[in-house]
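Peer 1:
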Amino acid sequence: MSAQAPLVRRAAGEALGTAALVAVVVGSGIQATELTRDVGVQLLANSLATVFGLGVLIAFLGPVSGAHFNPVVTLAAYATGRRGGDGPTLRDVAAYIPAQVAGAVGGAVLADAMFAKPLVHFSAHDRFAGHLWLAEVVATAGLVWLIFGLARAGRAHLAPVAVASYIGAAYWFTSSTSFANPAVTIGRAFTDTFAGIAPASVAPFLAAQLAGAVLGLALVAACFGRPARASGDEVVLPHGEQQPADPARPAEESALAS
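Residue numbers for the sequence shown follow the numbering used here, so the first one is 12 and each next one is one higher.
1. Hey, residue 219 and residue 155 are a contact pair by Cβ (cut 8 angstroms); roughly how many whole angstroms apart?
2. Curious, which full-length alpha helix (DSSP H) runs of at least 4 residues does the segment 133 to 191 contain?
3. Excluding the 5 residues flanking residue 117 on each side, which residues of the same chain have their C-beta closer than 7 angstroms to its C-beta?
4. On the criterion of 16 or more Cβ atoms from any shown chain inside 10 Å, does residue 143 qualify as buried, or is it exposed?
5. Looking at C-alpha atoms only, which residue of 187, 234, 230, 222 is the closest neighbour of residue 212?
6. If we ignore side chains and look at the alpha-carbon of each, how far apart do residue 234 and residue 165 end up?
7. Comparing C-alpha positions only, which one of 20, 84, 108 sits nearest to residue 159?
8. Give the range of the alpha helix (DSSP H) segment to which residue 130 is assigned.
9. Quick one: residues in its chain with C-beta nearer than 6 angstroms to the C-beta of residue 266, no 5 flanking neighbours on either side, listed in chain order?
10. Check whether the Cβ atoms of residue 123 and residue 130 sit closer than 7 angstroms, and answer yes or no.
11. So which of 231, 183, 202 has the shortest CA-CA distance to residue 53?
12. Quick one: measure Cβ to Cβ for residue 75 and residue 163, integer angstroms, because I've assumed they're closer than 8 angstroms.
13. Rounded to a whole number of angstroms, what is the C-alpha to C-alpha distance between residue 81 and residue 196?
14. To the nearest angstrom, how far is it from the Cα of residue 25 to the Cα of residue 223?
15. Considering only the beta carbon of each residue, do residue 206 and residue 35 sit closer than 7 angstroms?
16. Under 7 angstroms, do residue 229 and residue 185 count as touching if we go by C-beta distance?
17. If you check the beta carbons only, do residue 178 and residue 126 fall under 7 angstroms apart?
18. Taking only three categories from DSSP, how would you classify residue 15?
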């Protein structure tokens, strides 16, 4: 096995990847509202851009950092990896989560700058309602279930397509349009545009997302049981670059986002 990328590089990958993801979400939302007044078309444009952008980012940055772009994915990877020693360390978590949040805020500011919007204008889009919190629990649980279920099933290489497709679907089947990501939720509070969320609505969304992550891990355990300790050429770390001992066998990147 080759050594994983240095923590500084992995944290930078998480910051830049999360920034790019939020720029895609916010920027496509702004573009959609400037092109049409039809809310359905706006949501379609926003969701399609997010699907394509997320899939590209996971495939591109997965080998660097694992392409979490999401604190609940990082925390879930830490929680599940402690037993086998194949997950991120507490030091990794302490670097990843601030990088993801900072990247999300930067991505929102960048999107506003590209469309000549005020650079820091907190959203007035109120999303404070019980049914939205339930939707965030469902969306986040499904995301965690998918990501870690793929890893348990040995199909982590499908993550770019599967995770992006799930987020695209969840845009439409959840009333909250599937934020499912605490860093992205915080970042979207900094833009008073189509994709924004009022600061007062952020805390309940974060709580719902954390609850959803716990539920998602319970679903993984119910479907796949406890993970077996992997042999040397089967380990897939969900936080960094790994190469298999056998060069003829392609590496499976885990990873992961919202």
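For each residue, glycine too, the CB sits at the ideal point set by N, CA and C.
Values in this document were obtained by computation on a predicted structure and should not be read as measured data.
Peer 2: Walking through what the data contain:
1. In fact, because the Cβ distance is near 13 angstroms, the residues do not count as touching under 8 angstroms.
2. For the segment 133 to 191, whole alpha helix (DSSP H) runs of length 4 or above, ordered along the chain, are 141 to 163, 170 to 184.
3. Sequence-distant partners of residue 117 (beyond 5 residues in either direction) whose C-beta falls short of 7 angstroms from its own C-beta, in its chain, are 30.
4. Burial call: buried.
5. For the residues 187, 234, 230, 222, the minimum Cα distance to residue 212 belongs to 187.
6. Within the model, the alpha-carbon separation for residue 234 versus residue 165 is close to 14 angstroms.
7. Residue 84 is the option with its Cα nearest to residue 159.
8. No alpha helix (DSSP H) contains residue 130, which DSSP labels as neither H nor E.
9. Caution applies to residue 266, whose pLDDT of 46 falls short of 50 and renders its modelled position unreliable; the model cannot decide the point.
10. Yes, the Cβ-Cβ distance between residue 123 and residue 130 is below 7 angstroms.
11. The option with the nearest alpha carbon to residue 53 is 183.
12. 23 angstroms between Cβ atoms; not a contact.
13. If you draw a straight line from the Cα of residue 81 to the Cα of residue 196, it is about 10 angstroms long.
14. Distance between the alpha carbons of residue 25 and residue 223 is about 22 angstroms.
15. Cβ distance not < 7 angstroms, so residue 206 and residue 35 don't count as in contact.
16. Going by beta carbons, residue 229 and residue 185 fall outside the 7 angstroms limit.
17. For residue 178 and residue 126, no; Cβs fall outside 7 angstroms.
18. In the structure shown, the three-state DSSP call for residue 15 is coil.
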